[in-house]
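The next block holds one structure in the form of structure tokens; read it before the comments.
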Amino acid sequence: MKGDGYLLNVISTILDELRSVCNNISKDEYESLVSLFNGNHTFYFAGEGRSGLVAKAIAMRLMHAGKKVYVVGETITPAIERNDVLILVSGSGETNQIAHLGKLASKKGAYVFLVTSNKNAINQQWCMNGLHIPAATKRRLPDEPKTIQPLGNQFDQSAHIILDAAVIESLQSNNIMDRMVKKHSNLE
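Below, the structure is given as structure tokens:
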């Protein structure tokens, strides 16, 4: 069994990787996401696998902030409409399901925002805007950073931190943080 020093080294390396990724996002793209979260929109979130879990976590946080939020695929999710916002979280930005959802929402007049490690995916016709997160994915493309983490961990963890930060920043400007406890589940 490896000693405590090994564990701390792994954790330290992961945190250094995440810090590097988070420090290399576009300020303008990040601020556009904060601005979007500040708006009075109905939000829809989607992603596949772990990216989908990140999307759900951020959807929950926006719900705590008093926003009208749905997760695509849940039984209570209504039809998306014109001017609603669809946030897609996808390392590749090109999976069939993500592209399909983006196209459908765009045809309905919704605003589609893609969070991805693939800078080119943000230029797809169905995507109105996005946030490029320069993190490693399971594809391990040459331009992706090195990581000790498996599969898409670095992207998913970075996406969670960055999206959560954008929510927090949007809440601070609206002075909502104190009221969030009232929206937290009380059927526990």
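In the working numbering, the protein residues as written are 46 to 233. In this text, a Cβ means the ideal position worked out from N, Cα and C, and glycines have one as well.
Got a sec? Which residues, its chain only, sit under 8 angstroms from residue i by beta carbon, not counting five neighbours each side?
{"i": "residue 177", "result": "70, 71, 74, 161, 162, 163, 164, 167"}
{"i": "residue 193", "result": "55, 58, 59, 62"}
{"i": "residue 93", "result": "135, 140, 142, 143"}
{"i": "residue 97", "result": "91, 134"}
How should residue i be labelled, buried or exposed, when 16 other C-beta atoms within 10 angstroms of its C-beta is the threshold for buried?
{"i": "residue 179", "result": "buried"}
{"i": "residue 191", "result": "exposed"}
{"i": "residue 205", "result": "buried"}
{"i": "residue 217", "result": "exposed"}
{"i": "residue 129", "result": "buried"}
With DSSP as the reference, label residue i as helix, strand or coil.
{"i": "residue 131", "result": "strand"}
{"i": "residue 78", "result": "helix"}
{"i": "residue 174", "result": "strand"}
{"i": "residue 267", "result": "For residue 267 there is no data in the structure shown, the boundaries of the chain being 46 and 233."}
{"i": "residue 161", "result": "strand"}
{"i": "residue 114", "result": "strand"}
{"i": "residue 58", "result": "helix"}
{"i": "residue 147", "result": "helix"}
{"i": "residue 155", "result": "coil"}
For residue i, which residues of its own chain have a beta-carbon under 7 angstroms away from its beta-carbon, when the five flanking residues on both sides are left out?
{"i": "residue 171", "result": "147, 148, 151, 157"}
{"i": "residue 200", "result": "136, 162, 178, 180, 181, 182"}
Can you find the residues in the same chain that come closer than 6 angstroms, C-beta to C-beta, to residue i, ignoring five residues on each side of it along the sequence?
{"i": "residue 131", "result": "89, 150, 155, 157"}
{"i": "residue 101", "result": "116"}
{"i": "residue 86", "result": "130"}
Since I believe residue j is in contact with residue i (beta carbons under 8 angstroms), could you give me their beta-carbon distance rounded to a whole number of angstroms?
{"i": "residue 104", "j": "residue 116", "result": "5 angstroms"}
{"i": "residue 203", "j": "residue 67", "result": "6 angstroms"}
{"i": "residue 197", "j": "residue 64", "result": "No, residue 197 and residue 64 are not in contact; Cβ-Cβ is about 18 angstroms, not under 8 angstroms."}
{"i": "residue 107", "j": "residue 212", "result": "6 angstroms"}
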